[in-house]
Every structure is written in structure tokens, then in C-alpha cells.
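S.K.:
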Amino acid sequence: MNRAIVTFTFFLFGISCFAQTEIRGKVLDNKNRNPIVAATVILHPVGLQDILTYGTTGEDGSFVLNKAVLPDTVVISVRSMNTEPFSIKIKSNIEFVELTVTEKTIALNEVIVKPAKIRQIGDTLNYSVSSFVDVTDKSIGDVLKKLPGIQVLSTGQILYQNKAI
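Residue numbers (our numbering): 20 to 184.
1. Starting from the Cα of Thr119, find the closest Cα among Val154, Asn128, Ser96 and Thr174 and give me that residue.
2. I'd like the ranges of any beta strand (DSSP E) spanning at least 3 consecutive residues and lying wholly in the region 93-153.
3. Do the region 137-156 and the region 69-81 touch if we need at least three Cβ pairs shorter than 8 Å?
4. Could you give the residue range of the alpha helix (DSSP H) that holds Asp161?
5. Should Phe115 be labelled buried (16 or more other beta-carbon atoms within 10 Å of its own) or exposed?
6. In the DSSP assignment, the beta strand (DSSP E) including Leu84 goes from what residue to what residue?
7. By a C-beta neighbour count over all protein chains shown, 10 Å radius and 16 as the cutoff for buried, is Ala135 buried or exposed?
8. Buried or exposed: which applies to Gly175, given that a residue is buried once 16 or more other Cβ atoms fall within 10 Å of its Cβ?
9. Determine the burial state of Ile42: buried for a count of at least 16 other Cβ atoms within 10 Å of its Cβ, exposed for fewer.
10. Going by Cα to Cα distance, which pick from Ala58, Thr40 and Gly44 is closest to Thr121?
11. Between Asn49 and the rest of its own chain, which residues show a CB-CB distance below 6 Å, the 5 nearest in sequence each way excluded?
12. Distance check for Ile61 and Ile70, CA to CA, integer angstroms please.
Below, the structure is given as C-alpha cells:
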């Protein structure tokens, strides 16, 4: 009986030694306190860049980091496309941490989207005729001559891939 109690006690002690440390938190912007979505939250030892664990923030800016063994003090970092890099030292036994980060604006270059000159839908080709027009065209025949696969004969007959249409 005593042997069973001792074994059971060591079993419980062993489980508590391997219990995971869980750090929960929330990442918010410092202006409006809006949640930062899809930010990467990284936990690493002080003075080192080794990653102990990491996670990403959800729709409400919350995250959960799990790690079996942590040093007493760790650095928690937040990285995101729309925020400045952020790092802070925390005690590893903390259960909840609220991190406020500074948003940054990324200026994108202007993009001009032009429609395709020719689109194929099933077995039909649709030409954007306006893409082939220029100031030297005197008639629709001049424009048709520029379309790929189209020929306009001197008689005015129109051919597509050498077949009359």
C-alpha cells in the first residue's frame, strides 16, 4: 500500500514538472486600441534570437503561446506588416500580457490594370477593338487588319485563319 502511494506521488510530481507554461495575450494598436490581426508573436530568451515558441494573433488580436520549459525572463516580440517591430522583456510566469504596438503606413506604388486585348471564353474569341484602334485608321477594315488571325481581302471579304466568315 505504501509503495502504491509513493509511486502515485512521484507520478503526480512528474506530471507537474512537465506541465506546459501558457502565456496568453492581446496585441492592440496604441492609437485606437484596435486589435492587430495576423501578427506574429515570438518568445525568445533574453539576449538571444533563438525562438522558444511563436504564434499568430486572431481576429480579436489575442494569442496563446505554449512552452514546456521557459527561463525566468523572456523577450516577447511582435512582427506585422502594418506595425513597427515591438519587443519587451516579461517574466515567464505571467499569465496574460497586453501589448500595444505602433502602426506604420506602407506606401504602395500606383498600379494600372489594363484589360486584355483578347479574351477567350470557351471556343469564342472576344477582341477589345478599342485596343487596336489608332488615329491612322480610316475605316473598320483598317482596324480589322490589325486583329490577330484576321485578314481583309481587297474585295472586302473577311477571313479568320484563312476561312471566310
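The beta carbon of each residue, even a glycine, is placed where N, CA and C say it ideally should be.
The model shown is predicted, which means the values in this text are computed figures rather than measured ones.
M.R.: Once the coordinates are examined:
1. Among Val154, Asn128, Ser96 and Thr174, the Cα nearest to that of Thr119 is on Ser96.
2. Complete beta strand (DSSP E) runs here, min 3: 105-110, 115-120, 137-140 and 143-146.
3. Two segments are said to touch when three or more pairs of C-beta atoms, one from each, lie closer than 8 Å; by this definition the region 137-156 does not touch the region 69-81.
4. Looking at the DSSP string, the run of the alpha helix (DSSP H) that includes Asp161 is Ile159 to Leu163.
5. Counting other Cβ atoms within 10 Å of its Cβ, Phe115 stays below 16 and is therefore classed as exposed.
6. Annotation: the continuous beta strand (DSSP E) that includes Leu84 extends over Ser81 to Lys86.
7. Flag for Ala135 reads exposed.
8. Only exposed fits Gly175, as fewer than 16 other CB atoms lie within 10 angstroms of its CB.
9. Counting C-beta atoms within 10 angstroms of its own C-beta, Ile42 has 16 or more neighbours from the protein chains shown and is therefore classed as buried.
10. It is Ala58 whose Cα lies nearest to the Cα of Thr121.
11. If we look at Asn49 and ignore the five residues flanking it on each side, its Cβ neighbours are Thr119 and Thr121.
12. It is roughly 7 Å from the alpha-carbon of Ile70 to the alpha-carbon of Ile61.
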